[in-house]
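Student: Quick one: the structure is below, and I'll ask about it shortly.
Residue numbers (our numbering): 10 to 286.
Right under this line is the structure:
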């Protein structure tokens with residue numbers, strides 16, 4: 010996906026939405042809208058978020074949406090339905106999930122063998138057409154089970170680095186990644202910001218010294234086309250989440266399911282990454 014975008018002379022655009030908000034069918038419809046915008050030009054990959062009751066990195070907008078999704082009955086298996094739907098659009102489906110849900114996949118509250126759960130999750134993700142996992146609370150030090158399962162089923166492993174990461178940690182993390190690495194441009198949680206982080210270019214430069222061939226995605230704080238162009242001028246992937254989730258929250262507050270504002274935001278972001286290089 011990144012290579013195809015490079016051939017077009019631009020960075021890749023990644024859009025995050027959680028499965029299950031406003032409900033499972035509505036979330037899938039919104040993810041499909043991400044891939045086309047209103048002009049047939051949308052994101053290159055959808056980061057499908059799995060709602061979780063105790064998130065580490067989700068900001069207020071995403072927490073608000075995922076809390077409602079959990080209350081409305083979203084289940085882990087729903088993520089595979091979303092993966093299949095995104096794959097059918099031609100965009101790349103990635104799943105962002107907290108590790109506890111993978112390690113207990115299929116247990117239904119009963120004790121089960123973690124390796125069987127992890128392998129079963131990887132199998133079902135691959136069968137649904139998923140490209141891999143983004144795991145914000147799993148570090149390479151503790152990822153032996155995921156490394157084995159992702160190798161068996163040919164899935165990407167995307168770990169996170171931050172401005173606070175030491176050079177040793179950057180090297181360890183990028184060596185363990187497959188596909189790309191997620192660089193968080195700020196210390197904190199997700200959320201649209203008025204300006205992009207000044208730490209982002211330096212972090213990308215540090216990652217490229219550690220792993221020259223590994224694509225770098227920048228997330229946290231990108232909310233419009235201008236910011237997408239700015240981030241895309243030095244990163245390989247531009248990741249947008251809260252600004253998209255906010256369009257769905259606004260629609261629900263207005264008592265509608267109108268995806269027009271979401272599509273318009275995607276149009277702006279897609280135009281932005283095409284001006285980046």
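Cβ coordinates follow ideal geometry from the N, Cα and C atoms, glycine included. Just so you know, these numbers come straight off a predicted model, no measurement behind them.
Helix, strand or coil: how does DSSP classify residue 101 here?
Tutor: If DSSP states are grouped into helix, strand and coil, residue 101 belongs with the strands.
Student: What residues are listed by DSSP as bridge partners for residue 187?
Tutor: Residue 187 pairs with 166.
Student: By the 10 Å Cβ neighbour count, where 16 or more other Cβ atoms means buried, how is residue 160 classified, buried or exposed?
Tutor: By the neighbour-count rule (16 or more Cβ atoms within 10 Å), residue 160 is not buried but exposed.
Student: I'd like the span of the alpha helix (DSSP H) that includes residue 216, first residue to last.
Tutor: Taken as a continuous stretch (DSSP letters only), the alpha helix (DSSP H) holding residue 216 covers 208–219.
Student: List the endpoints of the continuous beta strand (DSSP E) containing residue 26.
Tutor: Looking at the DSSP string, the run of the beta strand (DSSP E) that includes residue 26 is 21–27.
Student: Here's a check: name, in chain order, each residue in its chain whose Cβ is nearer than 7 Å to the Cβ of residue 70, leaving out the five neighbours to either side.
Tutor: Hits under 7 Å: 200, 251, 254, 255 and 258.
Student: Between residue 235 and residue 269, what straight-line distance do the alpha-carbon atoms span, to the nearest angstrom?
Tutor: One C-alpha to the other measures close to 20 Å.
Student: Here's a check: name, in chain order, each residue in its chain whose Cβ is nearer than 6 Å to the Cβ of residue 209, leaving out the five neighbours to either side.
Tutor: Contacts found: 194 and 227.
Student: Could you tell me the boundaries of the beta strand (DSSP E) in which residue 288 lies?
Tutor: Within the shown structure, residues of the chain are numbered from 10 to 286, placing residue 288 beyond reach of any answer.
Student: Looking only at C-alpha atoms, which of 52, 241 and 109 sits nearest to residue 5?
Tutor: Residue numbering for the chain in the displayed model covers 10 to 286; residue 5 lies beyond these limits and cannot be assessed.
Student: In the DSSP output, what is residue 74 paired with across the bridge?
Tutor: BP columns for residue 74 are empty, so no partner.
Student: Cβ atoms of residue 25 and residue 154: under 8 Å apart, would you say?
Tutor: Going by C-beta atoms, residue 154 is not nearer than 8 Å to residue 25.
Student: Find the nearest neighbour of residue 211 within the set 244, 190, 230 and 180, judged by alpha-carbon distance.
Tutor: Answer by Cα proximity: 244.
Student: Going by DSSP, what residue range makes up the alpha helix (DSSP H) through residue 127?
Tutor: Counting along the chain, the alpha helix (DSSP H) containing residue 127 begins and ends at 123–137.
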